[in-house]
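Asks: Quick one: the structure is below, and I'll ask about it shortly.
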Amino acid sequence: QQQVKQSPQSLIVQKGGISIINCAYENTAFDYFPWYQQFPGKGPALLIAIRPDVSEKKEGRFTISFNKSAKQFSLHIMDSQPGDSATYFCAASPGADGLTFGKGTHLIIQP
Amino acid sequence: DAGVIQSPRHEVTEMGQEVTLRCKPISGHNSLFWYRQTMMRGLELLIYFNNNVPIDDSGMPEDRFSAKMPNASFSTLKIQPSEPRDSAVYFCASSKLTGSNSPLHFGNGTRLTVT
């Protein structure tokens, strides 16, 4: 059972554009929703995270939007840059347990 | 901060051989996680430890896989005997404590190829 569904699998965006990646979850016990960024040959690294008591969190060019009733959350990357090209993973956990990850989105920013 | 250290970075072995992957978590972190990454299945949680005690090993594929954490600074993931379908990148990650939503810090992984 895939508890966190992520889309799209791959995404190509022009430099300066907005990149949007979506995730949906099933387990209502999830209460922590981070996004991780992974470059080739490296482990994933935390990018930004949100808890369900807020609907949006912004850090620089990165924003998480959260819709608790729809059980969906998304990552927006504003003014996308070639250096943002990476694989992005959404994840969720019910607090006390390990993270469940989406399958990842391979993002390419074209100069 | 040296980060999470995994060894080896690459491992190539023949089917049936024993494989041992190693991990040194960040000093002061109480939780340690083993994940497996493949194209088909993404990142899968295999097992995690709190204060050196295994908490949830429900993600371990089968009895061929075992993990230990003899002390706070070292963990191993062993596959015996290995099979070609075990080929993947294995990540170790650590955090201060589960339940606190403390960020996971990942190592750079071990790429395992079983021929």
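So the protein sequences, as listed, match chains R and A. Numbering of the first sequence is given in our numbering, commencing with residue 5 and proceeding in unit increments. Numbering of the second sequence is given in our numbering, commencing with residue 1424 and proceeding in unit increments. In this text, a Cβ means the ideal position worked out from N, Cα and C, and glycines have one as well.
Under the rule that 16 or more other beta-carbon atoms within 10 Å means buried, what is G20/R, buried or exposed?
Replies: exposed
Asks: Does the beta carbon of F1497/A come closer than 9 angstroms to any beta carbon on chain R?
Replies: no
Asks: Could you name the residues of the same chain whose beta carbon sits closer than 6 angstroms to that of S1489/A, not counting the 5 residues immediately before and after it, in chain order?
Replies: K1501
Asks: Taking Cβ-Cβ distances below 8 angstroms as the criterion, which residues of the region 45 to 67 of chain R are in contact with chain A?
Replies: G45, K46, G47, P48, A49, L50, A53, R55
Asks: Along chain A, in chain order, which residues have C-beta atoms closer than 7 angstroms to that of F93/R?
Replies: L1466
Asks: Tell me the rounded alpha-carbon separation between G1530/A and C1515/A.
Replies: 6 angstroms
Asks: Figure out for me which residue from T1538/A, T1436/A, R1464/A, L1527/A has the closest Cα to the Cα of H1452/A.
Replies: In terms of Cα proximity to H1452/A, the closest of T1538/A, T1436/A, R1464/A, L1527/A is L1527/A.
Asks: According to a CB-to-CB cut-off of less than 7 angstroms, which residues of the region 1487 to 1512 of chain A neighbour chain C?
Replies: Chain labels in this structure do not include chain C; the protein chains are R and A.
Asks: Starting from N1473/A, trace the beta strand (DSSP E) in both directions and tell me its first and last residue.
Replies: 1465 to 1473
Asks: What residues in its chain sit with their C-beta under 7 angstroms from that of P56/R, if we drop five residues either side in the sequence?
Replies: D35, F70, K72, listed in sequence order.
Asks: Going by other Cβ atoms of all chains shown within 10 Å of its Cβ, with 16 needed for buried, is G47/R buried or exposed?
Replies: Classification of G47/R: buried, given that the 10 Å Cβ count is 16 or more.
Asks: Within 9 angstroms (strictly less), CB to CB, does K72/R reach chain A?
Replies: No, K72/R does not count as interfacial toward chain A.
Asks: In the DSSP output, which residue or residues are listed as bridge partners for N1494/A?
Replies: Bridge partners of N1494/A: F1497/A.
Asks: Using three-state DSSP, classify P56/R as helix, strand or coil.
Replies: coil
Asks: Within 10 angstroms of its Cβ, does Q42/R collect 16 or more other Cβ (buried), or is it exposed?
Replies: buried
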